[in-house]
Amino acid sequence: VELGMGPGPIKGFAMRPGAATSTDGLQWERRGPLLELGAEGEWDSNFVSWPRALLVEATQPGGRGLMTYHALQPASGDGEGPSWAVGAATCASGLGGPWTKLGKVLEGGAAGAWDERGIGTRHVVHAPEDEACAAWGVGDLVMCYEGVGADGRHKLGLATSADGGASWTKVDGLGGEPGGPIFEGASPEGEGAWDDGRGRHALAGRELGEEGIRPQRVEISEGALEAGRAGEQSGGCSRRGRVGRVCRRR
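In terms of my numbering, the sequence shown is residues 91 to 340.
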């Protein structure tokens, strides 16, 4: 696959989502692929990757399921390089399939935006019922996503959906631009923090405790400082990541 970035064509990059089921947690049966690549020239023709799935109505186990994924859109003919974007698919009865693509549902901002090179990994949760979410115009679902800037830095943003994941809107008012950023790694010009230059792979959730739902949590992985050291030691470009957590207090 020629992605228009990196040292050249990449072999074995045509990723597709799959699933595995188990009745005891020890023996697993693989299923898939759940979705196929787009046709040549379509936005998700390179790969359909990093799937996340949940029930649109958490209280209905056999209800409609939503899967989000991302792909690297091929470089356009007008000189623009490849960019990341998010797609969605739906299943009429739970998460077992079959799945039907809804198309591309979220992509990066215009030139100069903090996420202009696109949106990659993301995590979707049901929106908590609180005053802050109401003030921000948050719908039934919330997506914490990884946006990529023109400088290659990865930061986290927030988007919301009011129609079960078929369409998404970047949340205003949480950062300087639509979507955020709501969190980012330490400055690459700083004193060498562990997450120097990157905030990636968003995993958002809610914790349950004695007082009910506690603050949302977001896990950020892959520190560029560690990645750089690993590359220097090996003479290559291998990466090491670390995981951090941030909380929004009520």
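Don't be surprised by glycine CBs; every beta carbon is placed ideally from N, CA and C.
Rounded to whole angstroms, what is the Cα-Cα separation between Gly269 and Gly247? 5 Å
Which partner residues of Val195 appear in the DSSP bridge assignment? According to DSSP, Val195 bridges with nothing at all.
Contacting residues, own chain, Cβ-Cβ under 7 Å from Gly208 (five flanking each side not counted): Ser173, Trp174, Ala175, Glu197, Gly198 and Val238
Cβ neighbours of Lys191 in the same chain (closer than 7 Å, five flanking residues each side left out): Leu125, Gly177 and Ala179
Tell me whether Gly187, by its Cβ, gets closer than 6 Å to a heavy atom of the ligand GDP. With respect to the ligand GDP, the structure shown offers nothing to examine, as it has no ligands at all.
Cα separation between Val195 and Trp118? 32 Å
Just how far apart, CA to CA, sit Cys234 and Val214? 6 Å
Would you identify the three-state DSSP class for Gly131, choosing helix, strand or coil? coil
Looking only at C-alpha atoms, which of Leu185, Pro164, Gly210 and Ala201 sits nearest to Ala129? Pro164
May I ask which residues mark the beginning and end of the beta strand (DSSP E) holding Arg142? Ser139 to Leu145
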